[in-house]
Every structure is written in structure tokens, then in C-alpha cells.
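Worksheet: one structure, shown below.
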Amino acid sequence: DDRATTYDQKGGERSMGKTVAAFNVITGHTLTEEAGWLFMEILKQVRSKQGDYRADNYEDMVAYAALRGECAARERGNK
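The sequence shown begins at 14 in the numbering used here and counts up by one.
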């Protein structure tokens with residue numbers, strides 16, 4: 014909700030679809046929204062191993078994993 018207040022919509026952080034679409038236009042790649050969330054998870058994993066401990070890295074990693082799961086259910090079917 015904190016990110017939604019600052020960056021996105023009432024429903025929370027949902028900007029990855031637009032971000033991936035822009036990335037694909039600029040680069041010619043075909044990244045999916047789900048892959049975009051995975052990218053952010055990996056970024057946070059790398060950051061969590063560098064420098065001092067920051068809870069933000071772990072909190073965001075969990076949030077990105079949840080968003081990736083939500084996206085996967087929507088894109089590939091909730092079975």
C-alpha cells in the first residue's frame with residue numbers, strides 16, 4: 014500500500030506491465046510481466062548480499078515474489 018500511495022494505484026504496485034511494455038518497445042525484446050517481476054527479485058537477491066543488512070531488500074524480495082505469482086496465475090492460469 015505504501016508504494017501504491019507513492020507510485021501506483023489504489024490496488025497496490027502494478028506498474029510492471031507498463032514498464033515491460035516500454036522496455037520491449039525500446040529494446041525489441043519480448044520480456045513478459047512475470048519475467049519483469051523475476052528480474053526485480055534477482056536484483057534484490059544480489060543487493061541483499063552486498064554491503065550492510067537492509068530489511069528493505071528482503072521485504073521487497075518477498076513482495077516481488079508475490080507479485081510474480083499473481084502475474085503467473087493471471088497469465089498462465091490459476092490451477
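Backbone N, C-alpha and C fix where the C-beta goes; we use that ideal spot for every residue, glycine too. Treat the numbers as computed from the prediction; the structure is a model and nothing was measured.
Assumed close pair residue i, residue j - CB separation to whole angstroms, cut-off 8 Å
| i | j | result |
| --- | --- | --- |
| L51 | R27 | No, L51 and R27 are not in contact; Cβ-Cβ is about 16 Å, not under 8 Å. |
| L44 | V33 | 5 Å |
| S61 | Y71 | 6 Å |
Local Cβ density within 10 Å of residue i, reported as buried at 16 or more and exposed below that
| i | result |
| --- | --- |
| D69 | exposed |
C-alpha distance - residue i paired with residue j, whole-angstrom precision
| i | j | result |
| --- | --- | --- |
| L56 | G90 | 26 Å |
| M74 | N37 | 23 Å |
| A35 | Q63 | 29 Å |
| K31 | D65 | 32 Å |
| G41 | R67 | 35 Å |
| A86 | A79 | 11 Å |
Beta-carbon proximity of residue i to residue j, cut-off 8 Å
| i | j | result |
| --- | --- | --- |
| E88 | E46 | yes |
Spatial neighbours of residue i in its chain, beta-carbon cut-off 7 Å, leaving aside the 5 residues before and after
| i | result |
| --- | --- |
| C84 | E46, E47, W50 |
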